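Just so it is clear: in the sequence shown, position 18 is 195 by the working numbering, and no numbers are missing. Take a look at the structure set out below.
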Amino acid sequence: MSMNSDSISDPKRELLRHTLATLAYRGAKTIRNAPAGFADFQAGHGTRTPGQILAHMGDLFDWAFSIAAGQQAWSDSQPLPWEKEVDRFFAALKKFDDYLASSEPVQAPLEKLFQGPIADALTHVGQVALLRRMAGEPVKAENYFAAAIALGRVGAEQTPPKREF
């Protein structure tokens, strides 16, 4: 893993940031080119729609940032239109990653940030991928071990997959 020049040398922070880059890579792949109407796809009574899940993921990273900065706050956002929600998700992810890349102290154990908002978001990326399959537009598989995931690359623009199958 390479560190950007703003990073402090903390292996736990580096691993957490790599996890965020991995989440961005997988999340971008899962939400990219979603079919029309996908945001409102309903798999069954009482299940969240992809738009609701994506809004929740944005909330998770707003919450993660607030915890890291020592001002814990939670909000339960109503989904925006799909593209705006995609932008909000990546903006929240970047804000949190930028904080971790800074020399600012993190006001909570990094393990707690992983087990809470980050692990929850990883689960939700999988849910959105499953909903894509159920909606008839599955995400292609790939060897994620070979993926070009880079520390700090947490936006919607990601390196194309090496090989999809």
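We put the beta carbon where it would ideally sit given N, CA and C, even for glycine. Quick caveat, the model's predicted, so the values are computed rather than measured.
Asked, Found
"8 angstroms Cβ cutoff met for LEU237 and LEU299", "no"
"The segment 310-321 / the segment 201-216 touching (three or more Cβ pairs under 8 angstroms)", "yes"
"Host alpha helix (DSSP H) of TRP259 (start-end)", "259-278"
"Any 3 or more C-beta pairs closer than 8 angstroms across the segment 247-266 and the segment 300-316", "no"
"Paired residues, beta bridge with GLU341 - DSSP", "GLU319"
"Candidates ARG190, ASP187, ARG194: closest to ILE326 by CA position", "ARG194"
"Under 8 angstroms between C-beta atoms of ALA216 and THR226", "yes"
"Of the listed residues PRO337, PRO286, GLY235, ALA296, nearest to GLU260 (C-alpha basis)", "GLY235"
"Sequence-distant residues of the same chain with beta carbon closer than 7 angstroms to ASP187, five excluded per side", "none"
"Three-state class that DSSP yields for HIS222 in the structure shown", "coil"
"Cβ shell of PHE291 (< 8 angstroms), same chain only, five flanking positions each side left out", "LEU193, THR196"
"GLU281 in three-state terms, based on DSSP", "coil"
"Under the three-state DSSP convention, the category ASN181 falls into", "Note that ASN181 has pLDDT 43, beneath the 50 cutoff, so the model's placement of it is unreliable and no number is given."
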